[in-house]
Amino acid sequence: MLEPATLDTIAAELATAERDRTTVPLLTARHPDMTVEDSYAVQQAWTRRAVAAGRRVVGRKIGLTSKVMQDATGITEPDYGTILADQVHETGAVVEHSRYSNVRIEVELAFILGAPLEGPGTTLTDVLRATEYGTPALEILSSRVDMEGRTIVDTIADNAALGGVVLGGRPVRPDAVDLRWVSAVLHRNGVVEESGVAAAVLDHPARGVAWLADRLAGHGESLEAGQVILAGSFTRPVWVYPGDTVQVDYRELGAVTCSLR
1 MLEPATLDTI
11 AAELATAERD
21 RTTVPLLTAR
31 HPDMTVEDSY
41 AVQQAWTRRA
51 VAAGRRVVGR
61 KIGLTSKVMQ
71 DATGITEPDY
81 GTILADQVHE
91 TGAVVEHSRY
101 SNVRIEVELA
111 FILGAPLEGP
121 GTTLTDVLRA
131 TEYGTPALEI
141 LSSRVDMEGR
151 TIVDTIADNA
161 ALGGVVLGGR
171 PVRPDAVDLR
181 WVSAVLHRNG
191 VVEESGVAAA
201 VLDHPARGVA
211 WLADRLAGHG
221 ESLEAGQVIL
231 AGSFTRPVWV
241 YPGDTVQVDY
251 RELGAVTCSL
261 R
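The numbering of the sequence shown is full-length UniProt numbering, which starts it at 1 and goes up by one.
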């Protein structure tokens with residue numbers, strides 16, 4: 001692994017980029033020996049800085065769980081990031097586009113946990129038992145690391161490119177619908193840009209949460225009751241710009257909307 005001082009320096013650089021709404025050069029170009037575990041150590045250091053500054057952890061995001069997302073990014077394994085309270089919005093929110101960098105939106109399901117989950121060996125059934133309800137969600141992506149040539153190492157260190165979360169629609173108990181067949185159509189400014197079905201996420205979105213619980217166990221962490229877990233996108237990311245309005249129709253689960261200014 002990289003030296004602890006180097007990891008902390010990278011975390012500080014990324015925190016500054018988030019604050020100043022800028023980007024930094026590729027981490028892997030400057031630290032060619034940087035590993036996935038180094039990246040998660042940077043992410044943990046970044047999170048500690050955020051908490052020390054008064055921000056609050058409320059959940060986790062999972063990324064790159066579907067083939068369509070892996071193809072879109074050229075990255076072939078899942079990753080995870082941390083969700084902070086000030087990153088969560090309700091449907092209908094108007095958000096500042098300039099708050100983010102390289103802004104895109106993804107279509108997801110969120111799992112709200114009613115009980116803790118701790119790996120290893122987490123099963124899909126374990127996730128469904130621990131879930132209080134699922135709800136439609138959008139993820140706002142914000143990449144603080146240069147996009148060209150980015151690897152999973154760059155992405156993980158950048159808190160898995162999480163910018164914000166928009167929650168809405170109709171919450172449902174996990175046994176009330178077949179979560180595999182939840183579908184959604186994304187409109188940007190009234191034009192259909194993407195559509196998909198939640199089974200694209202590892203054949204069941206709850207499998208993403210199981211993967212997360214097991215991956216966190218390797219870092220000495222677990223999922224807590226009350227946390228919001230984004231299970232991963234089942235559409236490609238859609239680029240958005242100032243003035244855009246995004247509406248995602250989840251059919252019987254309602255809709256989630258946000259506007260960018």
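We put the beta carbon where it would ideally sit given N, CA and C, even for glycine.
Query, Result
"Do you know whose CA, among P136, I152 and T122, lies nearest L26's CA?", "I152"
"To the nearest angstrom, how far is the alpha carbon of A110 from that of L212?", "13 Å"
"Use the C-beta contact count for N159: other C-beta atoms within 10 angstroms, 16 or more gives buried, fewer gives exposed.", "buried"
"Classify W46: buried if its beta carbon has 16 or more other beta carbons within 10 angstroms, exposed otherwise.", "buried"
"Contact defined as beta carbons within less than 8 Å: I believe G169 pairs with S66. What is the distance between those atoms, to the nearest angstrom?", "With a Cβ gap of about 19 Å, G169 and S66 do not count as contacting."
"Please check the pair P136 and Y250, which I expect to be a contact at CB under 8 Å, by giving their CB distance rounded to whole angstroms.", "4 Å"
"Check this for me: beta carbons of S39 and G119, under 9 Å apart or not?", "no"
"Return helix, strand or coil for A137, following the three-state DSSP convention.", "strand"
"Using 8 Å as the threshold, is the segment 196-207 in touch with the segment 20-37, meaning 3 or more CB pairs across them?", "no"
"Would you identify the three-state DSSP class for S66, choosing helix, strand or coil?", "strand"
"Starting from D86, follow its DSSP beta bridges and name the residues at the other end.", "D86 pairs with nothing; no bridge assigned."
"Excluding five sequence neighbours on each side, which residues of the same chain lie with their C-beta closer than 7 Å to the C-beta of I10?", "L27, V42 and A157"
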